[in-house]
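Protein chains in written order, with our numbering: chain F, 1 to 335; chain C, 336 to 670.
Think of the CB as a built atom: it goes at the ideal place given N, C-alpha and C, for glycine as much as any other residue.
Contents: one structure, followed by commentary.
2 protein chains.
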Amino acid sequence: MDKILIDHGSGGLLSQELIQGLFLKYLPTQRILGLEDCAIIPGRQGKLAFSTDSYVVDPIFFPGGDIGRLAVNGTINDLSMRGAIPFCMSLSLILEEGFPMADLERVIESVAHASDEAGVPVVTGDTKVVPRQKADKIFINTTGMGVVPDHVEISGASARAGDVIIISGSVADHGVTIMGSRAGLSLGGELESDTAALNRMVEGLVSRLPGTVHAMRDPTRGGVATALTEIAQASGVAMEVDEAKIPVKPGIKAACELLGLDPLYLANEGKCIVIAASDQVAAVLETIRSMPEGKDATVIGEVISGPAGRVTLRTRAGGARLIVPLEGEPLPRIC
Amino acid sequence: MDKILIDHGSGGLLSQELIQGLFLKYLPTQRILGLEDCAIIPGRQGKLAFSTDSYVVDPIFFPGGDIGRLAVNGTINDLSMRGAIPFCMSLSLILEEGFPMADLERVIESVAHASDEAGVPVVTGDTKVVPRQKADKIFINTTGMGVVPDHVEISGASARAGDVIIISGSVADHGVTIMGSRAGLSLGGELESDTAALNRMVEGLVSRLPGTVHAMRDPTRGGVATALTEIAQASGVAMEVDEAKIPVKPGIKAACELLGLDPLYLANEGKCIVIAASDQVAAVLETIRSMPEGKDATVIGEVISGPAGRVTLRTRAGGARLIVPLEGEPLPRIC
Chain F
1 MDKILIDHGS GGLLSQELIQ GLFLKYLPTQ RILGLEDCAI IPGRQGKLAF
51 STDSYVVDPI FFPGGDIGRL AVNGTINDLS MRGAIPFCMS LSLILEEGFP
101 MADLERVIES VAHASDEAGV PVVTGDTKVV PRQKADKIFI NTTGMGVVPD
151 HVEISGASAR AGDVIIISGS VADHGVTIMG SRAGLSLGGE LESDTAALNR
201 MVEGLVSRLP GTVHAMRDPT RGGVATALTE IAQASGVAME VDEAKIPVKP
251 GIKAACELLG LDPLYLANEG KCIVIAASDQ VAAVLETIRS MPEGKDATVI
301 GEVISGPAGR VTLRTRAGGA RLIVPLEGEP LPRIC
Chain C
336 MDKILIDHGS GGLLSQELIQ GLFLKYLPTQ RILGLEDCAI IPGRQGKLAF
386 STDSYVVDPI FFPGGDIGRL AVNGTINDLS MRGAIPFCMS LSLILEEGFP
436 MADLERVIES VAHASDEAGV PVVTGDTKVV PRQKADKIFI NTTGMGVVPD
486 HVEISGASAR AGDVIIISGS VADHGVTIMG SRAGLSLGGE LESDTAALNR
536 MVEGLVSRLP GTVHAMRDPT RGGVATALTE IAQASGVAME VDEAKIPVKP
586 GIKAACELLG LDPLYLANEG KCIVIAASDQ VAAVLETIRS MPEGKDATVI
636 GEVISGPAGR VTLRTRAGGA RLIVPLEGEP LPRIC
């Protein structure tokens, strides 16, 4: 069977074949917990974190990743940004009739690989199939659960004047890669999505430096600019950020100039903004940089007193401009 | 703004308007927990239940319900069938560009109403928009969390020879209603989906009659026939079911005959099969019938020793036939 048929979404025999032959092959935790419509997970202490995201990225395969890897890492990161330790996730697929089985296997293998790497198993799932042209290839929902250690209180509303603003690495890689893929751009090996799970980095920060991190955000849709304005607004503070300090890879910068895009508004899928107490900045940077996905972490600015939500960018030219949140969708189906 | 624009999925200003103006209007629990990408929920004791489902039903509005109500009730029911007490859910939307805002509001209002009725709040969400013809109007994923009381051990693998098989009400209402809607059939008021949340019924059973219910299943896609064969297979038992005892409303029966459909294979969205110790049958029936959604509950058969998965139907004509699981998809996009 090399294509998805309507019957693969029937709940009948072909659905069973798909579950047994494909999903359980790559995602065996579901088998351990029993293949019911609902997974039962042993009890946990502490506050629970719960996050959902649907992924509709186009193309579904791109340099550095694919929709499966993106769906796993994205939900892990949403949990991690609250200081939660993710412990399991669900996987729900909407497939277009005729979607190649080989592509589905490639996506599920990628889900499994990302899930293993991050240590966050897929424990329950669902598959629906819709007729041709009623969906585009594959849409994936992942919903994740995590536990927040009792002492952890991290939120986008908790940035304080005096805090430092850190970015864990270069910006705009994912957004430019997707746009470049669609435009058929090739700029050597540098056009590559940064999709990565940040849970281990966050676990390191939270366990080694309790109370130090006040706010975190993964700058996905809307990019660093939108994430910063949202945190500043929610926390009732202003911010100053230094353009020259924000890392952008040369190939990404070139592509942005070519396409007329501002890297500060483009999506990242493996980066986080960390807003932390300034007296611990060396320890925070050291912890983030100790992880491969955080090796280029750097301070890009500071939180100051001022009108809630005002984020000022000090430009390379020595001027200053206000950063406004994203108004439109520069790039539909980026994630 | 009367239509969904691509920018409503941008994560930018229009996304914010949609969240503030529509989602929070109807689903205020999200506001209490803070509008981050991930909800933090106070800790719970006990085993956790976790279930996900994507809903792609066509048409999205039908007699007796709509895709929003279906999405809430369906996930609550999947949790309930394990004996879990659902306590929160996520809501993730994939919208087609151009989807009428009025329809979206109607769906979200319905989500809110169903969530209130069941007492299971929506605590986190996500919205993506894809260009026209890349999805069909609206797809909804709901993922729910529940707590399983320590003494509860209900699973599709726990039916035992000697148990009674109960259905909580008439069968095939949802399947026939959807098919009838598409065919433009009108059979008076009887063509109406049975979509309903079963969590209160299950809570009643589990708290009043601990240990009595061994297995439960909501017979959605594939209907009662498929659900029974799955339980019989998983539990390593056989079953005998009496066709004359299975309640089918007259209008539903007439529509099935007209359309050439077997009601035993059609979807239900507010019914459950309850397999329980036979010495408690009166108490189980009384508990189920005390709820409006269970008033027509009745015993339809029994679990017997025999080859795993063999389900025999005693027909009205006095014969017997084997029930086989669903092989194809009689009705794509039924839920």
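Query: is_contact[Phe-99(F), chain C] using C-beta, thresh 8 Å; Result: no
Query: Any C-beta of chain F under 8 Å from that of Lys-382(C); Result: yes
Query: Euclidean distance between Cα positions of His-174(F) and Val-152(F); Result: 29 Å
Query: Range covered by the alpha helix (DSSP H) that runs through Gly-409(C); Result: 402-415
Query: The alpha helix (DSSP H) enclosing His-448(C), as first and last residue numbers; Result: 436-453
Query: For Asp-342(C) and Cys-591(C), the rounded distance between their alpha carbons; Result: 44 Å
Query: Sequence ranges, alpha helix (DSSP H) only - wholly within the segment 164-225 of chain F, length at least 4; Result: 173-183, 199-208
Query: Residue span of the alpha helix (DSSP H) that contains Arg-656(C), given as start and end; Result: Looking at the DSSP string, Arg-656(C) is not in any alpha helix (DSSP H); the run it does join, the beta strand (DSSP E), is 655-658.
Query: Unbroken alpha helix (DSSP H) run spanning Ala-617(C), endpoints; Result: 616-624
Query: For Leu-648(C), the three-state DSSP class (helix, strand or coil); Result: strand
Query: Minimum Cβ-Cβ distance from Arg-656(C) to chain F less than 8 Å; Result: no
Query: Residues that Asp-577(C) bridges to, as DSSP identifies them; Result: Arg-649(C)
Query: Buried versus exposed call for Ala-655(C) [16 or more other C-beta atoms within 10 Å across all chains shown]; Result: exposed
Query: Chain F within 8 Å of Asn-476(C), Cβ atoms only; Result: yes
Query: Residue of Asp-451(C), Ile-473(C), Ala-562(C), Pro-435(C) minimising C-alpha distance to Met-416(C); Result: Ala-562(C)
Query: Beta-carbon proximity of Thr-336(F) to Ser-386(C), cut-off 8 Å; Result: This structure leaves residue 336(F) out entirely; chain F is present only between 1 and 335.
Query: Endpoints, alpha helix (DSSP H) assigned at Glu-592(C); Result: 585-594
Query: Backbone CA spacing between Ile-501(C) and Gly-328(F) [nearest angstrom]; Result: 54 Å
Query: Own chain partners of Gly-644(C) with C-beta closer than 6 Å, once the 5 adjacent residues on each side are dropped; Result: Thr-564, Ala-567, Gln-568
Query: Contact check, Ile-339(C) vs Ile-402(C), beta carbons under 8 Å; Result: no
Query: Chain C within 8 Å of Val-123(F), Cβ atoms only; Result: yes
Query: Euclidean distance between Cα positions of Arg-200(F) and Gly-83(F); Result: 11 Å
Query: Environment of Ser-305(F) [buried if 16+ CB atoms lie within 10 Å]; Result: exposed
Query: Within-8 Å CB hit, Pro-387(C) to chain F; Result: Contrary to the premise, residue 387(C) reads as Thr rather than Pro in this sequence. Chain F, which has a Cβ nearer than 8 Å to the Cβ of Thr-387(C), makes this yes.
Query: Euclidean distance between Cα positions of Leu-22(F) and Ser-521(C); Result: 41 Å
Query: Residues that Gln-133(F) contacts on chain C, provided the C-beta gap is smaller than 9 Å; Result: Gln-468, Lys-469, Asp-471
Query: Where Leu-526(C) falls, given that 16 or more other Cβ within 10 Å makes a residue buried; Result: buried
Query: Opening and closing residue of the beta strand (DSSP E) in which Ala-54(F) lies; Result: The question names Ala, but residue 54(F) in the sequence shown is Ser. Segment 47-55, the beta strand (DSSP E) holding Ser-54(F).
Query: Inter-residue CB distance, Lys-584(C) and Ser-505(C) (contact presumed, cutoff 8 Å); Result: 5 Å
Query: Minimum Cβ-Cβ distance from Arg-543(C) to chain F less than 8 Å; Result: no
Query: Arg-668(C) at chain F interface by Cβ criterion, 8 Å; Result: yes
Query: Residue closest to Thr-555(C), alpha-carbon to alpha-carbon, out of Arg-651(C), Gly-605(C), Val-537(C), Pro-377(C); Result: Gly-605(C)
Query: Cβ pair count under 8 Å reaching 3, the segment 87-100 of chain F against the segment 116-135 of chain F; Result: yes
Query: Under 8 Å by beta carbon: chain F residues contacting Ala-374(C); Result: Ala-49, Phe-50, Ser-51
Query: Below-8 Å beta-carbon distance, Pro-42(F) vs any chain C residue; Result: yes
Query: Interface residues of chain C facing Cys-88(F) [CB-CB closer than 8 Å]; Result: Phe-385
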